[in-house]
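Participant:
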Amino acid sequence: MVKDYYDVRAVFKKTGRAIFISHLDLMRLMQRTFKRARLPVWFTKGYNPHIYLTFPLPLSLGVSSECEFMDFGMDMAAGEPDFEDIKSKMNAALPTGIEIVRLYQPVHSHTEIGSCEYTADFYKDMPSSELLKLFDKFMSSEKIIIKKRCKVNMKKTIVDVDIKPDITVLDKSSEDGQLHLGLRLPAGIRHSLNIVSMASAFEGWCGFEFDKICLTRTKILLESGEDFI
0 MVKDYYDVRA
10 VFKKTGRAIF
20 ISHLDLMRLM
30 QRTFKRARLP
40 VWFTKGYNPH
50 IYLTFPLPLS
60 LGVSSECEFM
70 DFGMDMAAGE
80 PDFEDIKSKM
90 NAALPTGIEI
100 VRLYQPVHSH
110 TEIGSCEYTA
120 DFYKDMPSSE
130 LLKLFDKFMS
140 SEKIIIKKRC
150 KVNMKKTIVD
160 VDIKPDITVL
170 DKSSEDGQLH
180 LGLRLPAGIR
190 HSLNIVSMAS
200 AFEGWCGFEF
210 DKICLTRTKI
220 LLESGEDFI
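Be aware that the sequence shown starts at 0, since it is given in numbering that gives the first Met the number 0, and climbs by one per residue.
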């Protein structure tokens with residue numbers, strides 16, 4: 000079957016109040032944005048045509064991102080897409096907190112995604128050195144167990160999972176009651192670890208609630224470690 004649309008991949012930021020927009024609402028928001036911007040996007044065929052729109056790796060609620068990805072199609076009948084024009088029109092129609100950074104033709108498939116990088120900032124009114132010691136002790140645990148929902152023999156169940164082998168610490172520092180971490184976690188169709196689950200595991204291990212936790216996705220990577228584009 001010959002395609003009648005151009006594949007387009009958008010890189011966008013999700014920050015500020017927009018981090019509380021759910022994945023389903025984000026899809027609706029993008030569909031409305033295409034309509035407001037009057038862009039000739041491609042619709043699926045069949046009895047219920049809708050805008051072709053996919054997100055390679057949906058973001059958890061409450062997490063900000065510098066590198067979200069969205070794939071859609073532009074109708075070939077409208078001619079070859081002008082990426083700068085599309086970017087300008089979309090940004091004019093998008094709400095504060097969501098910004099299109101770049102548009103291009105996709106290079107990699109979603110199935111090639113292997114990991115994500117994040118920054119995680121934990122705030123607590125206590126000496127910064129103590130925050131760093133707490134994290135070091137947490138990571139020196141023999142195992143870091145979380146409850147994870149999964150399918151076993153086609154049935155949904157909750158199992159204990161050791162996530163310690165999945166956590167790669169890229170950098171760590173502390174100052175003024177703030178612990179700053181740079182982390183790489185597995186992601187993709189074969190195996191993944193949610194940054195929220197990791198942060199919750201650390202908070203639970205500490206035995207107290209942090210004053211504030213800020214989580215940001217900074218990169219999506221291939222299994223080879225190269226940037227997903």
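We treat Cβ as the ideally placed atom computed from N, Cα and C, and that holds for glycine. Note that the coordinates shown come from a computational prediction; the quantities given were computed from them, not determined experimentally.
Determine, using beta carbons only, whether GLY96 and GLY176 come nearer to each other than 8 Å.
Facilitator: Taking 8 Å as the Cβ cut-off, GLY96 and GLY176 do not qualify as a contacting pair.
Participant: Tell me the rounded alpha-carbon separation between VAL62 and ARG216.
Facilitator: The alpha-carbon atoms of VAL62 and ARG216 are separated by roughly 7 Å.
Participant: Is THR32 closer than 8 Å to ALA92 when the C-beta atoms are compared?
Facilitator: Cβ distance < 8 Å, so ALA92 and THR32 count as in contact.
Participant: In the DSSP assignment, what residue or residues form a beta bridge with THR32?
Facilitator: Beta-bridge pairing links THR32 to no other residue.
Participant: Starting from ALA92, follow the alpha helix (DSSP H) in both directions and report where the run begins and ends.
Facilitator: Residues 82-92.
Participant: I'd like to know whether the C-beta atoms of LYS171 and LEU131 end up nearer to each other than 8 Å.
Facilitator: Taking 8 Å as the Cβ cut-off, LYS171 and LEU131 qualify as a contacting pair.
Participant: Is there a Cβ of chain D sitting closer than 8 Å to that of ILE162, yes or no?
Facilitator: Absent here is chain D; the protein component of the structure consists of one chain.
Participant: In the DSSP assignment, what residue or residues form a beta bridge with TYR122?
Facilitator: Answer is GLN177, LYS211, bridged to TYR122.
Participant: For VAL168 versus LEU182, is the C-beta distance shorter than 8 Å?
Facilitator: Cβ atoms of VAL168 and LEU182: closer than 8 Å.
Participant: Can you give the beta carbon distance from PHE68 to PHE54, rounded, assuming they're within the 8 Å contact cut?
Facilitator: Confirmed, Cβ separation roughly 7 Å.
Participant: Taking the alpha-carbon positions, what's the ASP70 to ILE145 distance?
Facilitator: Distance between the alpha carbons of ASP70 and ILE145 is about 32 Å.
Participant: Consult DSSP for PRO281 and reduce its assignment to one of helix, strand or coil.
Facilitator: Because the chain here runs from 0 to 228, residue 281 falls outside it and cannot be looked at.
Participant: Name the DSSP bridge partner or partners of ARG8?
Facilitator: In DSSP, ARG8 forms a bridge with ASP70, TYR103.
Participant: Should the stretch 28-42 be regarded as contacting the stretch 103-111, the criterion being three or more beta carbon pairs within less than 8 Å?
Facilitator: Result no; under three Cβ-Cβ pairs closer than 8 Å.
Participant: Distance, Cα to Cα, GLY206 vs TYR51?
Facilitator: Between GLY206 and TYR51, the C-alpha separation is close to 45 Å.
Participant: Using beta-carbon positions only, say whether HIS179 and THR118 come within less than 8 Å of one another.
Facilitator: It is a contact, given that the beta carbons lie within the stated cut-off.
Participant: Quick check: VAL10 and GLY72, are their CB atoms within less than 8 Å of each other?
Facilitator: No, these two residues do not count as a Cβ contact at 8 Å.
Participant: Among the residues of its own chain, which have a CB less than 6 Å from the CB of GLY213, if the five just before and after it don't count?
Facilitator: At residue 213 the sequence reads Cys, which differs from the Gly that was named. For CYS213, where only same-chain residues beyond five positions count, the Cβ hits under 6 Å are ASP120.
Participant: Output yes or no for whether 8 Å exceeds the beta carbon distance between ILE143 and ALA198.
Facilitator: Their beta carbons are not under 8 Å apart, which means ILE143 does not touch ALA198 by this criterion.
Participant: If we ignore side chains and look at the alpha-carbon of each, how far apart do GLU141 and LEU58 end up?
Facilitator: C-alpha separation (whole angstroms): 29 Å.
Participant: With H, G and I counted as helix, E and B as strand and the rest as coil, what does DSSP make of GLU225?
Facilitator: Correct three-state label for GLU225: coil.
Participant: Quick one: what's CYS149 bridged to in DSSP?
Facilitator: BP columns for CYS149 point to THR156.
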